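Comments concern the structure below.
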Amino acid sequence: GRVAAISVPVNSTENLVTVIELKKVADATSDSDGDAMRWLTEVKSDVTSAISNAHGVNVGDLVLVPPGSIPTTTSGKIRRAACVEQYRQDQFTRLDA
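Counting in our numbering, the sequence shown runs from 1 upward without gaps.
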């Protein structure tokens with residue numbers, strides 16, 4: 001799936017928000033809702049740690065979404081401004097909610 005790293009203004013600072021499309025959600029959620037939530041929590045923790053360790057920045061929010069959720073141009077590029085708008089208006093369907 002796609003990944004979009006976006007900067008979202010909050011008060012007088014900016015937060016790093018990472019939006020990640022997960023391909024294998026059906027496999028992870030086939031057993032039970034509890035197992036799926038534990039798996040999603042582990043994914044969020046692992047990815048957040050990896051970003052922090054590799055780049056030395058804190059992730060303000062990590063959003064796990066179904067495939068096709070991240071807006072793109074007709075040529076397939078990620079539309080970051082549209083991602084910021086969708087995030088600020090809470091329009092992403094979060095898999096971990």
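By construction, the Cβ of each residue, glycine as well, lies at the ideal position given by its N, Cα and C atoms.
This structure is a prediction, so every number in the text was calculated from the model and none was measured.
Boundaries of the alpha helix (DSSP H) in which residue i is found, first to last residue
i   : result
I51 : D33 to H55
Selected residue, minimal CA-CA separation from residue i, among the options
i   : options               : result
N58 : P71, K44, L22 and E21 : K44
I70 : M37, R94 and T13      : R94
D96 : L22, A81, T72 and G60 : L22
I20 : G60, M37, N53 and R2  : R2
E14 : F92, D61 and A36      : D61
P67 : T48, F92 and N53      : F92
T73 : L64, V65 and C83      : C83
T18 : G76, K77, S75 and S52 : S52
Those residues which DSSP pairs with residue i across a bridge
i   : result
D17 : The residue asked about is misnamed: residue 17 is Val in this sequence, not Asp. Answer by DSSP bridge pairing, in chain order: I6 and D61.
T72 : I78
Classification of residue i by the beta-carbon crowding that lies within 10 angstroms, buried from 16 upward
i   : result
Q89 : exposed
A4  : buried
V63 : buried
Integer-rounded CB distance, given that residue j should sit under 8 Å from residue i
i  : j   : result
I6 : R80 : 5 Å
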